[in-house]
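Reading through the structure tokens given below for one structure.
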Amino acid sequence: MKKYLAKKIPAFTLLEMAVVLFIISLLVLIILPNVAAQRKNASKINRNALQTELNTQAQLYMNDHNVNSVTVADLEQANYLTASQVEAIKREHLEISHEK
Numbered sequence: 293m294k295k296y297l298a299k300k301i302p303a304f305t306l307l308e309m310a311v312v313l314f315i316i317s318l319l320v321l322i323i324l325p326n327v328a329a330q331r332k333n334a335s336k337i338n339r340n341a342l343q344t345e346l347n348t349q350a351q352l353y354m355n356d357h358n359v360n361s362v363t364v365a366d367l368e369q370a371n372y373l374t375a376s377q378v379e380a381i382k383r384e385h386l387e388i389s390h391e392k
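My numbering puts the first residue of the sequence shown at 293, with every later residue one more than the last.
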């Protein structure tokens with residue numbers, strides 16, 4: 293019986309495991325806000341690109357058809373915008389801007 297008690301099995305102590313978990317949780321707390329900020333930034337860039345696309349296509353439509361105003365439905369019907377673009381425009385509540 294003494295032979296079994298005398299053997300030391302290499303393992304981590306509870307304190308070492310607690311320190312590792314603490315370090316991992318600190319890293320997670322540092323990384324998560326950065327990921328959220330990057331996601332928000334990417335969404336903003338995507339929205340701006342979609343707005344630019346909408347304005348460009350509206351300008352092209354007005355030049356091609358000699359009109360002074362256009363709707364998103366007109367652009368979709370004339371194939372200046374795809375259905376997925378129109379869906380994204382509606383989701384983002386974008387409007388055609390005639391400012392340069």
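Just so it is clear, CB atoms sit at the ideal spot from N, CA and C, and this is done for glycine as well. Just so you know, these numbers come straight off a predicted model, no measurement behind them.
Exposed unless 16 or more other CB atoms sit within 10 angstroms - verdict on residue i
i: A303; result: exposed
i: L346; result: buried
Closest residue to residue i among the options (Cα-Cα distance)
i: K348; options: V362, K336, I337 and S335; result: Checking the displayed sequence, the identity of residue 348 turns out to be Thr instead of Lys. It is V362 whose Cα lies nearest to the Cα of T348.
i: Y353; options: V312, H390, K332 and A310; result: H390
Where residue i sits in the DSSP three-state scheme
i: K382; result: helix
i: P302; result: coil
i: H357; result: helix
i: N347; result: helix
i: N371; result: coil
i: S335; result: helix
i: S389; result: coil
Open item on the list: Counting beta carbon pairs with one atom in the region 358 to 377 and one in the region 323 to 334, are three or more of them shorter than 8 Å?
Closed with: no
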